[in-house]
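A.B. asks: Per UniProt numbering, the sequence shown runs over residues 1 to 556.
Idealized CB from N, CA, C, for every residue including glycine.
Values in this document were obtained by computation on a predicted structure and should not be read as measured data.
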Amino acid sequence: MASLRISPIAPFNQSKRIDTFHRGKQESSLFGKTFPNKALIENRPMLTISKVATNPPSEVVANQEDENVNERHVAWTSVRQERWQGELQVQGEIPQWLNGTYLRNGPGLWHIGDYNFRHLFDGYATLVRLNFHTGRLVMGHRQIESDAYKASQKNQKLCYREFSEAPKTDNFLAYMGDLAKLLSGASLTDNANTGVVKLGDGRVVCLTETQKGSIVIDPDTLDTLGKFEYSDNLGGLIHSAHPIVTDTDFITLLPDLINPGYTVVRMEPGSNERKVIGRVNCRGGPSPGWVHSFPVTKHYVVVPEMPLRYCAQNLLKAEPTPLYKFEWHPESKGFMHIMCKASGKIVASVEVPLFVTFHYINAYEETDEDGRVTAVIVDCCEHNADTNILQNLTLQNLRTLNGQDVLPDARVGRFRIPIDGSPNGSLEAALDPNEHGRGMDMCSINPNFLGKKYRYAYACGAERPCNFPNTLTKIDLVEKKAKNWSEEGSVPSEPFFVARPGATEEDDGVVISMISEKNGDGFALVLDGTTFEEIARAKFPYGLPYGLHGAWVPNN
Ligand SMILES: CC(=O)/C=C/C=C(C)/C=C/C1=C(C)CCCC1(C)C
Ligand SMILES: CC(/C=C/C=O)=C\C=C\C=O
Ligand SMILES: [Fe+2]
């Protein structure tokens, strides 16, 4: 069975949960008894962040004491310390061909002293790396040193506007100053907590929805190297959190909140300059739809216009509104626009049924017998046009509704967008959502099938009852079947597919995920891409918080 590899770090024991945040500890008290941890890579004295004076409004956020910290799932508990690195003991067999680093980004620190953040998306970015090399596995994690994170640690208070959080203003004059800072973008966060991409030129960039939150990191040390400065004059403050990145391309969307629409831009490897491909004007609503992500096909960029739209007034507010910086405008309808990558021309713009989607899975062109494109097929994780999913992701809900069946239903939504001038597109479930427990988000595919007709998607689904997706699922879009992996009480992060070099089958490869367990532990998991059976796991020294999106950086 398992080929056990001996780790050079001291063995780790089950420990008492401590929710203080330590920076750069030389010795670790995380493992029950204190022992010298040779794998800790920084030699600074322990620094526990002290309490801050400002308390959050009690109606919005429960104080740490109000929630049962000991019963809180490690997935929704701040990372214990700023960094750690060491080799893990592997159970099972990591394929010898798997050589490279899986990087995963996510919002892993949700408090400043006693001040608790509200929403999953507010947390300061925690990067985790899994370096696979000839069957061995080294894990490391480290906080990204954004200006927002550094300022919060130095001043012991929130200094920038996060997803749902805004610094408190003392008086009217200060409020006017804040308004000016907001309009210039100075007060917006650069907390790059959403995703990480490897550009065609090798640079590794962590991203969020603010353009200033594009931060270059070193995938080996997890050092923050500096801001990724866009050298063009395109302006704007926000962009899609998920650009389309390949070895030759970087395409993203810049929403225009003044004249509702989107600029579609491209950046070449080695360059920091984005060039305009084209522009889409919105067809409905007072502002553009939220574009957390978008898909492409071989020839086209798909620009979704979701009825969940950015809201300029909400951006200016200090206190959160039910949908944060967004508003649901069903009367404004939903649309899909198809732009030619080469010319920037819009080849189709159709009304579609209402939808709520963070993540697009893939898209491809449907052709007739003469090879002419008749339609574009777009697959996504679709939340049944229900915006409740955003409130579901408050930390209070995630922490206190653990095990309750409150996860709203979701599905693989398949849009068909005709490009013959027809005014409407369709949206249907690509398979029976019961195949994956009616939970669906955090998807990946074999990247060699990006923009092409494909068969398999990997995502998180649900084993009910649950308040958050708690399975890994492999979706077969041809057979309309799913294979599911789950462990009672565990929260897995996005399944990430890595293709075997030389593979000819779409699902020939492995799927990597990181699991946060209900007992506070955690491990890296490797599943076979074809059978979806476990082939290896490696226990972490302590459980890590939930993380969002990843990237693969092959070893040199
Ligand atoms: C983690 C995730 O999925 C989404 C994160 C979104 C963020 C951090 C959005 C941030 C924003 C601001 C701080 C102000 C401007 C609007 C908006 C882009 C929503
Ligand atoms: C965690 C999440 C979105 C993350 C964005 O990057 C969505 C979860 C949805 C649950 O079904
Ligand atoms: Fe995302």
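Does the distance between the C-beta of residue 469 and the nearest non-hydrogen atom of ligand 2 fall short of 6 Å?
C.D. replies: As a working note, residue 469 is residue 469 in the sequence shown. Yes, the Cβ of residue 469 comes within 6 Å of a heavy atom of ligand 2.
A.B. asks: Which one of 422, 237, 414, 410 has the shortest CA to CA distance from residue 468?
C.D. replies: Here residue 468 refers to the residue found at position 468 when the sequence shown is read from its first residue. When only C-alpha atoms are compared, the closest one is 410.
A.B. asks: I'd like the list of long-range same chain contacts for residue 166, defined as Cβ closer than 7 Å, with 5 residues on each side in sequence excluded.
C.D. replies: As a first step, residue 166 is located in the sequence shown; it is residue number 166 there, counting from the start. Taken in chain order, the residues that qualify are 318.
A.B. asks: Going straight from the alpha carbon of residue 511 to that of residue 527, what length do you get?
C.D. replies: For the purposes of this step, residue 511 is taken as the residue at position 511 of the sequence shown. For the purposes of this step, residue 527 is taken as the residue at position 527 of the sequence shown. One C-alpha to the other measures close to 5 Å.
A.B. asks: At 3 residues or longer, what runs of the beta strand (DSSP E) sit wholly inside the region 156-186?
C.D. replies: none
A.B. asks: Does the CB of residue 411 have a neighbour CB from chain C at under 7 Å?
C.D. replies: In summary, chain C is missing from the structure at hand, where a single protein chain is found.
A.B. asks: Under 7 Å between the Cβ atoms of residue 360 and residue 380?
C.D. replies: For the purposes of this step, residue 360 is taken as the residue at position 360 of the sequence shown. For the purposes of this step, residue 380 is taken as the residue at position 380 of the sequence shown. In terms of Cβ geometry, residue 360 and residue 380 form a close pair [threshold 7 Å].
A.B. asks: For residue 163, I'd like the list of residues in its chain whose CB is within less than 6 Å of its CB, leaving aside the five on either flank, ordered along the chain.
C.D. replies: Translated into positions along the sequence shown, residue 163 becomes position 163. So the list reads 119, 121, 122, once near-sequence residues are dropped.
A.B. asks: For residue 274, count neighbouring C-beta atoms within 10 Å of its own C-beta (all shown protein chains included) and say buried if the count is 16 or more, exposed if not.
C.D. replies: The residue you call residue 274 lines up with position 274 of the sequence shown. Label assigned to residue 274: buried.
A.B. asks: Determine the extent of the beta strand (DSSP E) in which residue 399 is found, giving its start and end residues.
C.D. replies: Stepping through the sequence shown from its first residue, residue 399 is reached at position 399. Careful: residue 399 lies outside any beta strand (DSSP E), inside the alpha helix (DSSP H) at 395-400.
A.B. asks: Using only CA atoms, which one of 287, 493, 436, 449 lies nearest to residue 549?
C.D. replies: By one-based count along the sequence shown, residue 549 stands at place 549. When only C-alpha atoms are compared, the closest one is 493.
A.B. asks: Here's the rule: buried if 16 or more other CB atoms are within 10 angstroms of the residue's CB, otherwise exposed. What is residue 426?
C.D. replies: On the sequence shown, residue 426 is found 426 positions in, with the first residue counted as 1. Residue 426 is exposed by the Cβ-count criterion.
A.B. asks: Use the C-beta contact count for residue 172: other C-beta atoms within 10 angstroms, 16 or more gives buried, fewer gives exposed.
C.D. replies: Sequence index remark: in the sequence shown, residue 172 carries index 172 (1-based). Under this definition residue 172 is an exposed residue.
A.B. asks: Per DSSP, what are the beta-bridge partners of residue 349 in this structure?
C.D. replies: As a working mapping, residue 349 is identified with position 349 in the sequence shown. DSSP lists 337 as partners of residue 349.
A.B. asks: Roughly how many whole angstroms lie between the Cα atoms of residue 322 and residue 394?
C.D. replies: For this step, residue 322 is matched to residue 322 along the sequence shown. For this step, residue 394 is matched to residue 394 along the sequence shown. Distance between the alpha carbons of residue 322 and residue 394 is about 11 Å.
A.B. asks: Among residues of its own chain, excluding the 5 on either side of residue 486, which ones have a beta-carbon nearer than 7 Å to its beta-carbon?
C.D. replies: Locating residue 486 in the sequence shown gives position 486, counting from the first residue. So the list reads 463, 470, 471, once near-sequence residues are dropped.
A.B. asks: Would you call the CB atoms of residue 240 and residue 228 closer than 7 Å?
C.D. replies: On the sequence shown, residue 240 is found 240 positions in, with the first residue counted as 1. On the sequence shown, residue 228 is found 228 positions in, with the first residue counted as 1. For residue 240 and residue 228, no; Cβs fall outside 7 Å.
A.B. asks: Any chance the CB of residue 325 is under 6 Å from a heavy atom of ligand 1?
C.D. replies: Translated into the one-based positions of the sequence shown, residue 325 becomes position 325. For ligand 1, at least one heavy atom lies less than 6 Å from the Cβ of residue 325.
A.B. asks: Pull up the distance between the alpha-carbon of residue 130 and that of residue 184, whole angstroms please.
C.D. replies: Stepping through the sequence shown from its first residue, residue 130 is reached at position 130. Stepping through the sequence shown from its first residue, residue 184 is reached at position 184. The straight-line gap from Cα to Cα measures roughly 38 Å.
A.B. asks: Say the cut is 6 Å; is the CB of residue 544 nearer than that to a heavy atom of ligand 2?
C.D. replies: As a first step, residue 544 is located in the sequence shown; it is residue number 544 there, counting from the start. Incorrect: residue 544 has no Cβ contact closer than 6 Å to ligand 2.
A.B. asks: Tell me where the alpha helix (DSSP H) around residue 315 begins and ends.
C.D. replies: Counted from its first residue, the sequence shown places residue 315 at position 315. Per DSSP, residue 315 belongs to the alpha helix (DSSP H) from 312-316.
A.B. asks: Output yes or no for whether 7 Å exceeds the beta carbon distance between residue 458 and residue 75.
C.D. replies: Indexing the sequence shown from 1 puts residue 458 at position 458. Indexing the sequence shown from 1 puts residue 75 at position 75. No, the Cβ-Cβ distance between residue 458 and residue 75 is not below 7 Å.
A.B. asks: Helix, strand or coil for residue 482 per DSSP?
C.D. replies: Taking the sequence shown and counting its residues from 1, one reaches residue 482 at position 482. It is a strand residue.
A.B. asks: Roughly how many angstroms separate the alpha carbons of residue 291 and residue 396, rounded to a whole number?
C.D. replies: Walking along the sequence shown from the start, residue 291 turns up at place 291. Walking along the sequence shown from the start, residue 396 turns up at place 396. C-alpha separation (whole angstroms): 26 Å.
A.B. asks: Whose C-beta lies closer than 7 Å to the C-beta of residue 250 among residues of the same chain, with five residues either side of it excluded?
C.D. replies: One-based indexing of the sequence shown puts residue 250 at position 250. Excluding sequence neighbours, residue 250 sits near 199, 243, 266, 267.
A.B. asks: Residue 391 by DSSP, collapsed to three states: which one?
C.D. replies: Taking the sequence shown and counting its residues from 1, one reaches residue 391 at position 391. Per DSSP, reduced to three states, the secondary structure at residue 391 is helical.
A.B. asks: Helix, strand or coil: how does DSSP classify residue 149 here?
C.D. replies: Here residue 149 is taken as the residue at index 149 of the sequence shown, counted from 1. Residue 149: helix per DSSP, three-state reduction.
A.B. asks: Using only alpha-carbon positions, find the residue among 113, 465, 180 that is nearest to residue 156.
C.D. replies: By one-based count along the sequence shown, residue 156 stands at place 156. Closest by alpha carbon: 113.
A.B. asks: Is residue 548 a contact residue of ligand 2, with contact defined as CB to any heavy atom under 6 Å?
C.D. replies: Taking the first residue of the sequence shown as 1, we reach residue 548 at position 548. Residue 548 Cβ: within cutoff of ligand 2.
A.B. asks: Quick one: what's got a C-beta closer than 6 Å to residue 108's C-beta in the same chain, skipping five residues either side?
C.D. replies: Looking up residue 108 in the sequence shown gives position 108. Sequence-distant Cβ neighbours of residue 108 in its own chain, meaning closer than 6 Å and more than five residues away, are 79, 123, 126, 545.
A.B. asks: Comparing the CB of residue 188 with every heavy atom of ligand 1, is any distance shorter than 6 Å?
C.D. replies: Sequence index remark: in the sequence shown, residue 188 carries index 188 (1-based). Yes; taking the cut-off as 6 Å, the Cβ of residue 188 has a heavy atom of ligand 1 nearer than that.
A.B. asks: Among residues of its own chain, excluding the 5 on either side of residue 51, which ones have a beta-carbon nearer than 6 Å to its beta-carbon?
C.D. replies: Position 51 of the sequence shown, counted from the start, is the residue given in the question as residue 51. Unreliable placement is indicated for residue 51, whose pLDDT of 24 sits below 50; the coordinate value is still reported in the next sentence. Around residue 51: 113, 114.
A.B. asks: Check whether the Cβ of residue 441 lies closer than 6 Å to any heavy atom of ligand 2, and answer yes or no.
C.D. replies: Position 441 of the sequence shown, counted from the first residue, corresponds to residue 441. Yes, the Cβ of residue 441 comes within 6 Å of a heavy atom of ligand 2.
A.B. asks: Mind checking which residues open and close the beta strand (DSSP E) that includes residue 143?
C.D. replies: In the sequence shown, residue 143 corresponds to position 143, counting from 1. Start and end: 136-143.
A.B. asks: Helix or strand or just coil, what does DSSP make of residue 563?
C.D. replies: The structure shown does not extend to residue 563, since the chain spans only 1 to 556, so no value can be given for it.
A.B. asks: How many angstroms separate the CA atom of residue 289 from the CA atom of residue 135?
C.D. replies: Here residue 289 corresponds to residue number 289 of the sequence shown, with the count starting at 1. Here residue 135 corresponds to residue number 135 of the sequence shown, with the count starting at 1. Each residue's alpha carbon lies about 45 Å from the other.
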